[in-house]
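Q: Structure incoming, see below.
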């Protein structure tokens, strides 16, 4: 088994710069996790890297990129070995065995023990850790060099390194363009500009109008799709009026019956500085397909939901969760309110009719969940009623006079098949 390479900062930045030059669009697929203390990260860090304290790694794995991605870990020798926990020995990882040859190769390299433990967790859970970057001091002679200026930045920022639902990410431009065309001007004489996540899509223009789009994520889980949409900064520049830039902004609503998932969404929204635009409902879908409140208002730490102060990744927040019959009934009564409804890796056919009521005119339904049928590779889980048939969605939504914009089947990395389905309400 190969050992994990160790780079000094300058060496890594040179390799990163060279890799960007050799790839299409000047971008690299590698993702970077910076395990240094927050104060050091704010002072200086590699652009687009994610800052995670060592003791938070286990709780924040849902923020990490797909396991097929090349992952690099930034550390320095100043991270103390007594950083509250030794990850290798925590209850999160009782089944982890002795360090592999990969970890052993780091033992004599001035890599702190707690960092080696974090890397072991990532390796055992399947991440492709391609190297460790030792952060070294940047002297004044180097600070003004091009390689540092181009690839380092300062300040407190949250960078997405996770991926949203792949089918959502691939089709977000289609979704945004369709909604703009039908909701804002109901015509085709507009061009959707290049979009960036948390970037400035209209740098050369000033947005004169904002189109707010409301999305409901049913079974939102840890909230990655919600945060992905909430951080988008896309815009539309009409061909007929190139001064009238229209900015598209998403207001995400999420519903989940798992309270600890809502805690994760809340923490994630605080880190991304968009908690003010997030709405969360602690509810489930009943046998009739209608949202109902969940009685258990305690999270995995035994505290009231939203007050998870024993978590290593806890962040004080003013974001309130909507709980109880009145709040959930208000959501149920929001007929024609949502521009987009997401249904990802979840299936309750009874809920489809409820989605229809909640969608606005020209609104979109997006469904990506497991599918089976003739010619589709078989798998064991999920099965039965938890799996769609290959033509099921098209038949159902066509009967409600929806326009089918996308109906395809795609393979996940684990070999299972999922739908990529988008339909528009008439």
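In the working numbering, the protein residues as written are 33 to 458.
All C-beta atoms, glycine included, are put in the ideal place defined by N, C-alpha and C.
In this structure, how does DSSP classify residue 52 when only helix, strand and coil are distinguished?
A: helix
Q: Answer yes if the stretch 346 to 365 comes into contact with the stretch 417 to 426, meaning at least three C-beta pairs across the two stretches below 8 Å, and no otherwise.
A: no
Q: Under the three-state reduction of DSSP, which class applies to residue 377: helix, strand or coil?
A: Looking at residue 377 - three-state DSSP - the assignment turns out to be coil, as it is neither helix nor strand.
Q: Is the separation between the beta-carbon of residue 194 and that of residue 323 shorter than 9 Å?
A: Contact: no.
Q: Is any heavy atom in the ligand PLP found nearer than 8 Å to the beta carbon of residue 96?
A: Here there are no bound small molecules, and the ligand PLP is not part of this structure.
Q: Considering only residues of the same chain and omitting the five flanking positions on each side of residue 286, which have a CB-CB separation below 8 Å?
A: 248, 249, 252, 255, 258, 294, 297, 310, 311, 312 and 313
Q: What span of residues does the alpha helix (DSSP H) with residue 292 cover, start to end?
A: 291 to 303
Q: Between residue 165 and residue 269, which are expected to be in contact by the criterion C-beta below 8 Å, what is the C-beta distance as a whole number of angstroms?
A: Wrong, their Cβ atoms sit about 39 Å apart, outside the cutoff.
Q: State yes or no: is the C-beta of residue 262 within less than 9 Å of the C-beta of residue 283?
A: yes
Q: Can you give the beta carbon distance from residue 207 to residue 453, rounded, assuming they're within the 8 Å contact cut?
A: Wrong, their Cβ atoms sit about 12 Å apart, outside the cutoff.
Q: By Cβ distance below 7 Å, which residues in the same chain neighbour residue 443 in space, the five residues on each side in sequence not counted?
A: 449
Q: Who are the Cβ neighbours of residue 377 in its own chain at under 6 Å, not counting the five residues just before and after it?
A: Correct list, in chain order: 401.
Q: Since residue 457 and residue 439 are thought to touch, with beta carbons under 8 Å apart, how far apart are those beta carbons, to the nearest angstrom?
A: That pair is no contact at about 16 Å.
Q: Are the Cβ atoms of residue 243 and residue 212 separated by less than 9 Å?
A: Result yes, Cβ atoms of residue 243 and residue 212 sit closer than 9 Å.
Q: Run through DSSP, which three-state label would residue 180 get?
A: helix
Q: Assuming contact is defined by CB atoms lying nearer than 9 Å, are residue 279 and residue 370 in contact in what I supplied?
A: no
Q: How would you label residue 266, buried or exposed, when you count the other beta carbons within 10 angstroms and need 16 or more for buried?
A: buried
Q: When you compare the CB positions of residue 215 and residue 366, do they come within less than 9 Å of one another, or not?
A: no
Q: DSSP beta-bridge partners for residue 312?
A: The partner list for residue 312 (beta bridge, DSSP) reads 286 and 353.
Q: Measuring only the C-alpha atoms, how far is residue 380 from residue 387?
A: 11 Å
Q: Quick test of your reading: residue 67 and residue 147, contact by CB under 8 Å. State the CB separation rounded to the nearest angstrom.
A: 6 Å
Q: Taking 7 Å as the limit between beta carbons, can you name the residues of its chain near residue 160, skipping five residues before and five after?
A: 99, 100, 101, 102 and 103
Q: Between the beta-carbon of residue 304 and the beta-carbon of residue 192, is there less than 9 Å?
A: yes
Q: Go through its chain and collect everything with a Cβ distance to residue 321's Cβ below 8 Å, but skip five positions before and after it.
A: 380, 381, 382, 383, 384, 385 and 386
Q: In the DSSP assignment, find the beta strand (DSSP E) that holds residue 439 and state where it starts and stops.
A: 435 to 443
Q: For a test of the three-state rule: what should DSSP assign to residue 210, helix, strand or coil?
A: Three-state result, residue 210: helix.
Q: Is the distance from the Cβ of residue 149 to the Cβ of residue 38 below 9 Å?
A: no
Q: Closest Cβ-Cβ distance between residue 86 and chain C: below 9 Å?
A: Considering every chain present, this structure includes no chain C. It has just one protein chain.
Q: Closer than 8 Å by C-beta to residue 434: which residues in its own chain qualify, once you throw out the five before and the five after it? Chain order, please.
A: Counting only Cβ-Cβ distances below 8 Å, and skipping sequence neighbours, we find 397, 455, 456, 457 and 458.
Q: Check residue 105 in the structure and name its three-state DSSP category.
A: strand
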